[in-house]
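If you're matching positions, the sequence shown starts at 10 in the numbering used here and goes up one per residue. Glycine is no exception: its CB is placed at the ideal position from the N, C-alpha and C atoms. Since the structure comes first, as structure tokens, the remarks are kept for the end.
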Amino acid sequence: MSEYIVEMRHITKRFPGIIANNDVSIGIRKGEVYALLGENGAGKSTLMSMLFGMYEPDEGEILIDGKTVTFHSSTDAAACSIGMVHQHFKLVEPFTIAENIVLGVEPVEKRLGVLPWVNIRKANEQISELSKAYGLEVNPTDRIEDVPVSVRQRVEILKMLYRGAEIMIFDEPTAVLTPQEIDFLLQIIDNLRKDGKTIILITHKIAEIKRIADRCAILRQGRLIDVRDVAESSVQDLADLMVGRQVRFTQDKAAPNFRDPVLEVQNLTVRDEHKFEVVKDVSFTVHGGEIFAIAGVSGNGQEEIADAIAGLVKAASGKIILNGKDITGEPVRERCLTGLSYIPEDRNATGTIPDMTLQENLALREYYKEPFSKKGILQHDAFRRYADQLIETYDIRCAQGPDTVLRSMSGGNQQKAIVGREIEEQTSLIIFVQPTRGLDIGAIENIHRQILQERDRGAAILLISLELEEVMMLADTIGVLYRGEMLRIDSAENMTMQEVGRYMMGVREA
């Protein structure tokens, strides 16, 4: 009997303009958590997509329990008890949770002995019992469009369990989760391992690998670099292997040189669609040469503040002043022309148009101006030249260069594109919302350096991050938000991580 439940031998996969996997061989033991670590675009997801039947390898073979298999579809993989939670969930939003889970394997019964019908009540009961058994409790009748991202991820896990998956692939499972949700998910993965499941974890977050994984394969530019026992490897070793150079975990940060106020938010109140106040009478000022960070647990009004400043949601009351101009009622383009750049939290819904090419997305801020447009006619050569420049400057990895459809790129490289596009505008105010979400450690290092460079250039930086370590590393001034209220604003030098954490939980100092 084979030592490995999964073997992938000498796997090579090519796409136009790129070799995604180059002669990769790995072996995974039953009941272990096996991590695939690599930079954005290193070939991790492609390799696992072949194990799940979404692609077929150009060269090499796949073995399950020592037997060679050929997968032409995910149905073939599911027949071998393989399941996968994709980075971008595969769910039908108008359907209920139960309908999504049983889709394709519905409990069909016969009415009058002849007419087939789906017993959805039975499905709801089965899903409820299954979710409780694995600590993944959901309401089977809730619609996907009405539930948060963490619940959607539970649904994807339950889809695998419902189909009897023994080999479970998680593709960047924590990329869109809060720290509290990440802790919950890692506990679920540990419980699945204890239940005998084999877990393959695709990630670039080394801290999570250290917490949960048994072994780790490092991929770089499509090649297998090494396979390490996690317990015997340091964070620094894994980071250096992943990036191919020594990674710095801290940034050299010069003392701030505050200039004139750039952004003034005065008594801002924002209401949601239910007329509930999600931002309550918030005021703060951001100067040129200052990084003002808003810390808070997810859902406490941070994103609404950013969207109100950017013009994506309407302020119920208060004023927003940019470079001395009241922009509270101005359209988005006017705010941009006044000196605003915005890196939003949701790169697909707000930051890009995924079905357009990379060069078109990079020119979204400037397409109507020369040299991109002359007498109303778009100049595609100018689009391409500009894209080539940003691809090189920001290390955006894309299979077909400027012509790459954005949706086909990894999430991290999509994020690099947005950050590059907005920084290149050289505006006086840059809003970063979760700027390093979904990025590998090398890309995070570069983004942090770029944020500090923009601050030292004299730009005002509004940083909104759920990563408390990121806030403490970069911020000159910290404002802590709790249930829509700004509980405290102070110099970062005057606040410890523990103090910020207490305010984030709503604990006011005596």
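Would you mind sorting residue i into buried or exposed? The rule is 16 or more other CB atoms within 10 Å of its CB.
i: Leu-346; result: exposed
i: Met-514; result: exposed
i: Ser-500; result: exposed
i: His-19; result: exposed
i: Asp-485; result: buried
i: Gln-311; result: buried
i: Ser-140; result: buried
i: Pro-182; result: buried
i: Gly-305; result: buried
i: Ala-519; result: Note that Ala-519 has pLDDT 43, beneath the 50 cutoff, so the model's placement of it is unreliable and no number is given.
i: Asp-316; result: buried
i: Glu-354; result: buried
i: Ala-86; result: buried
i: Val-256; result: buried
i: Arg-342; result: exposed
i: Glu-165; result: buried
i: Ala-29; result: buried
i: Lys-206; result: buried
i: Phe-61; result: buried
i: Leu-112; result: exposed
i: Asn-200; result: exposed
i: Asp-180; result: buried
i: Val-403; result: Checking the sequence, you will find Tyr at residue 403 rather than Val. It counts as buried.
i: Ile-9; result: Shown here, the chain extends from 10 to 519; a query on residue 9 therefore has no answer.
i: Met-77; result: Per the sequence presented here, residue 77 reads as Thr, with Met not at that position. Thr-77 is exposed by the Cβ-count criterion.
i: Val-516; result: exposed
i: Ile-386; result: exposed
i: Gly-298; result: buried
Have a look at the DSSP bridge pairing and note the partners of residue i.
i: Gly-488; result: Ile-303, Ile-498
i: Asp-335; result: Ile-330
i: Val-15; result: Ile-37, Ile-73
i: Glu-118; result: Trp-126
i: Phe-293; result: Val-274
i: Thr-21; result: Glu-68
i: Ile-28; result: Arg-23
i: Thr-105; result: Arg-152
i: Lys-383; result: Ile-386
i: Ile-526; result: Residue 526 lies beyond the stretch modelled for the chain, which goes from 10 to 519, so this question has no answer here.
i: Val-111; result: DSSP, once it has assigned bridges, lists no residue as partnering Val-111.
i: Val-279; result: Val-288
i: Val-414; result: Thr-366
i: Val-78; result: Ile-71
Between which two residues does the beta strand (DSSP E) containing residue i stretch?
i: His-283; result: From DSSP, His-283 is part of no beta strand (DSSP E); its letter is neither H nor E.
i: Tyr-43; result: 42-47
i: Val-94; result: 91-94
i: Leu-438; result: 438-442
From which residue to which residue does the alpha helix (DSSP H) around residue i run?
i: Gly-421; result: 420-432
i: Ile-473; result: Ile-473 -> not in any alpha helix (DSSP H); beta strand (DSSP E) instead, spanning 469-473.
i: Phe-392; result: 389-402
i: Met-59; result: 53-60
i: Gly-451; result: 450-466
i: Ile-318; result: 311-319
i: Ala-325; result: From DSSP, Ala-325 is part of no alpha helix (DSSP H); its letter is neither H nor E.
i: Met-506; result: 506-513
i: Thr-84; result: 83-88
i: Ile-405; result: Looking at the DSSP string, Ile-405 is not in any alpha helix (DSSP H), and its letter there is neither H nor E.
i: Tyr-171; result: 158-171
i: Leu-477; result: 477-483
Would you mind giving the Cβ-Cβ distance between residue i and residue j, rounded to the nearest angstrom? I have them listed as a contact below 8 Å.
i: Val-295; j: Leu-272; result: 4 Å
i: Asp-412; j: Thr-361; result: 16 Å between Cβ atoms; not a contact.
i: Met-59; j: Lys-22; result: 6 Å
i: Phe-441; j: Ile-400; result: The pair is not a contact, with the Cβ atoms about 21 Å apart (cut-off 8 Å).
i: Leu-438; j: Gly-421; result: Going by Cβ atoms, the distance from Leu-438 to Gly-421 rounds to 25 Å, so no, they are not a contact pair.
i: Ile-208; j: Ile-218; result: That pair is no contact at about 12 Å.
i: Ala-263; j: Asp-465; result: 6 Å
i: Met-251; j: Leu-46; result: 6 Å
I'd like to confirm something about residue i: is its beta-carbon nearer than 6 Å to some heavy atom of the ligand COA, or not?
i: Leu-247; result: With respect to small molecules bound, the structure shown includes none, and the ligand COA cannot be examined in it.
Quick check on the DSSP output: what are the complete beta strand (DSSP E) runs of length 3 or more inside the region 178-263, in order along the chain?
Taken in chain order, the complete beta strand (DSSP E) segments of 3 or more residues contained in the region 178-263 are 207-212, 224-229, 232-238.
Only counting runs of 4 or more residues, tell me where the alpha helix (DSSP H) segments fall wholly within the region 124-148, in order along the chain.
Entirely contained in the region 124-148, the alpha helix (DSSP H) runs reaching 4 residues are, in chain order, 129-142.
May I have a chain-ordered list of the alpha helix (DSSP H) segments no shorter than 4 residues that lie completely inside the region 339-371?
Within the region 339-371, the complete alpha helix (DSSP H) runs of at least 4 residues are 341-348, 367-371.
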